[in-house]
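Below is one structure, written out as structure tokens, with a few remarks after it.
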Amino acid sequence: MKLTITATDKPKDQHFNYSLELSGKQIQNTTLIICGTVLLGIALKAYLKK
């Protein structure tokens, strides 16, 4: 999978191009980490409300 981010700062007349190649394994691991972090945050928030 290829992720490309392009941005333009018109007042400064600057252009940014960023490209990142990710393998299927990296995408799977990243998704698991993000979902795990979100679920941990929800669980911690519920625990602290008690």
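Residues 1 to 50 (full-length UniProt numbering) are what the sequence shown spells out, left to right.
Even glycine gets a Cβ: it sits at the ideal position worked out from N, Cα and C.
Just so you know, these numbers come straight off a predicted model, no measurement behind them.
Next on the checklist: Taking only three categories from DSSP, how would you classify residue 44?
Outcome noted: Position 44 of the sequence shown, counted from the start, is the residue given in the question as residue 44. It is helical.
Checklist entry - Which same chain residues, not among the five before or five after residue 4, have their C-beta less than 6 Å away from its C-beta? => result Taking the sequence shown and counting its residues from 1, one reaches residue 4 at position 4. Excluding sequence neighbours, residue 4 sits near 19.
Next on the checklist: Looking only at its chain, what residues have a beta carbon closer than 6 Å to the beta carbon of residue 2, apart from the 5 residues adjacent to it on each side?
Outcome noted: Taking the sequence shown and counting its residues from 1, the one referred to as residue 2 is at position 2. So the list reads 21, once near-sequence residues are dropped.
Checklist entry - Three-state secondary structure (DSSP) at residue 10? => result To locate residue 10, count along the sequence shown from 1; it is residue 10. If DSSP states are grouped into helix, strand and coil, residue 10 belongs with coil.
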